[in-house]
DNA sequence: GATCAGGAACTTC
DNA sequence: GAAGTTCCTGATC
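In our numbering, the protein residues as written are 2 to 336.
Structure (structure tokens):
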């Protein structure tokens with residue numbers, strides 16, 4: 002757990018590149034408060050976690066707690082990219098340009114309407130990003146979006162994942178043998194009792210999942226599935242997304258899944274040349290760890306993962322690019 | 001020291 | 001049997 006956390010961090014204040022006054026706690030509260038009014042109209046009743054709040058306000062109120070520091074995203078801002086960064090990313094991170102003419106965050110005199118408008122944009126973007134992150138986690142962990150449906154094994158997977166994502170202390174033992182239903186029935190205090198270090202944060206994360214599931218149920222009656230492809234990428238998503246096929250996921254599919262979510266995993270693995278299928282593993286330990294979680298192989302490391310990748314050489318699935326570089330591989334058939 | 005390459009035995013499905 | 005996983009040796013960066 003060396004790197005900054007992905008996932009929800011894609012919508013952390015620094016990622017949104019808000020001006021410093023809006024990034025501050027009071028600023029976020031202002032954003033959240035501004036979102037509440039709109040929220041009530043659009044999303045009706047509040048999620049189970051915070052009955053008196055709208056969802057986005059609920060999420061936003063968590064961000065300070067969940068992201069005490071995540072300045073690494075700021076480095077991803079345009080102009081701060083590494084020298085290897087291709088001129089255009091396949092999937093751009095949402096950026097609010099406060100300097101742009103008619104900037105959406107004009108807080109000067111007469112800028113109130115604009116401010117409210119941009120806050121709506123921010124809140125809807127935040128909620129959208131949270132839902133996308135949950136969707137991605139579901140795919141990678143092969144679990145359902147609704148925590149109530151989780152088996153004890155699913156709970157442990159989610160715990161491992163959440164600990165990893167948000168650099169929380171290991172808490173798996175404290176919640177051993179608990180199914181999702183029991184977990185969801187527990188109060189924050191009970192979480193704290195079981196795990197004094199991080200139990201409250203874990204409870205907050207579970208609340209987010211519960212709220213998302215609740216919302217999803219509201220908006221689309223029926224079973225909660227994040228299997229329908231919602232991504233806009235040009236890569237053959239149906240080919241890549243194996244999480245609902247019942248088939249075990251292949252390593253190459255897993256790698257593509259990560260590559261398709263650059264705003265979540267771009268710090269771990271990213272395209273160097275998407276057209277040619279050339280990608281670079283930026284953080285070998287994290288990618289290996291994610292793969293280990295996905296396959297239930299806690300002892301997974303990059304040495305083993307890379308051995309599996311090398312097995313693809315013979316099969317003609319992955320190869321080293323013509324100009325061989327460390328941690329750089331190429332899909333033989335990119336499209 | 002980390003990564004790369006590939007052989008070989010093993011596990012899981 | 002396929003698809004990794006684990007362990008290993010030796011080479012390279």
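We treat Cβ as the ideally placed atom computed from N, Cα and C, and that holds for glycine.
* To do: Closer than 8 Å by C-beta to residue 320: which residues in its own chain qualify, once you throw out the five before and the five after it? Chain order, please.
  => 313, 314, 330, 331 and 333
* Asked: Are the beta-carbon atoms of residue 203 and residue 161 separated by less than 8 Å?
  -> no
* Asked: By the 10 Å Cβ neighbour count, where 16 or more other Cβ atoms means buried, how is residue 295 classified, buried or exposed?
  -> buried
* To do: Express the C-alpha separation of residue 289 and residue 301 in angstroms, rounding to a whole number.
  => 6 Å
* **residue 171 to residue 198 span [Cα, whole Å]** => 9 Å
* Asked: Does DSSP put residue 47 in a helix, a strand or coil?
  -> Low confidence applies here, because residue 47 scores a pLDDT of 36, under 50, leaving its location unreliable and the question unanswered by this model.
* To do: Please state if the CB of residue 134 and the CB of residue 181 are separated by a distance shorter than 8 Å.
  => no
* Asked: Roughly how many angstroms separate the alpha carbons of residue 146 and residue 214, rounded to a whole number?
  -> 6 Å
* To do: Could you check if residue 275 is buried or exposed, using at least 16 other CB atoms within 10 Å of its CB as the buried criterion?
  => buried
* Counting along the chain, where does the alpha helix (DSSP H) carrying residue 151 start and finish? -> Where residue 151 is concerned, there is no enclosing alpha helix (DSSP H), given that its DSSP letter is neither H nor E.
* For residue 36, three-class secondary structure by DSSP -> For residue 36, the predicted structure reports a pLDDT of 37, less than 50, and the residue's modelled location is therefore unreliable. The matter cannot be settled from this model.
* State buried or exposed for residue 173, treating a residue as buried only when at least 16 other CB atoms are found within 10 Å of its CB. => exposed
* **CA-to-CA distance, residue 263 to residue 163, given in whole angstroms** => 19 Å
* Asked: In terms of DSSP beta bridges, what is residue 272 paired with?
  -> 280
* **DSSP beta-bridge partners of residue 330** => 280
* To do: Taking 8 Å as the cut-off, decide whether the C-beta atoms of residue 328 and residue 279 are in contact.
  => no
* To do: Answer with buried or exposed for residue 311, where buried requires no fewer than 16 other C-beta atoms within 10 angstroms of its C-beta.
  => exposed
* Buried versus exposed call for residue 196 [16 or more other C-beta atoms within 10 Å across all chains shown] -> buried
* Asked: Who are the Cβ neighbours of residue 359 in its own chain at under 7 Å, not counting the five residues just before and after it?
  -> Past the boundaries of the shown model lies residue 359; the chain is included only from 2 to 336, so the question cannot be answered.
* **Counterpart residues of residue 320 in DSSP-defined beta bridges** => 331
* Reference residue 325, options 273, 185, 152 and 252, closest by Cα -> 273
* **CB-CB length for residue 252 against residue 309, believed under 8 Å** => 5 Å
* Under 8 Å between the Cβ atoms of residue 142 and residue 159? -> yes
* Asked: Contact check, residue 284 vs residue 271 under 8 Å by CB: the rounded distance?
  -> Wrong, their Cβ atoms sit about 10 Å apart, outside the cutoff.
* Beta-carbon proximity list for residue 316, same chain, < 6 Å, skipping 5 on both sides -> none
* Per DSSP, what kind of secondary structure is residue 178 in: helix, strand or coil? -> coil
* Could you check if residue 249 is buried or exposed, using at least 16 other CB atoms within 10 Å of its CB as the buried criterion? => exposed
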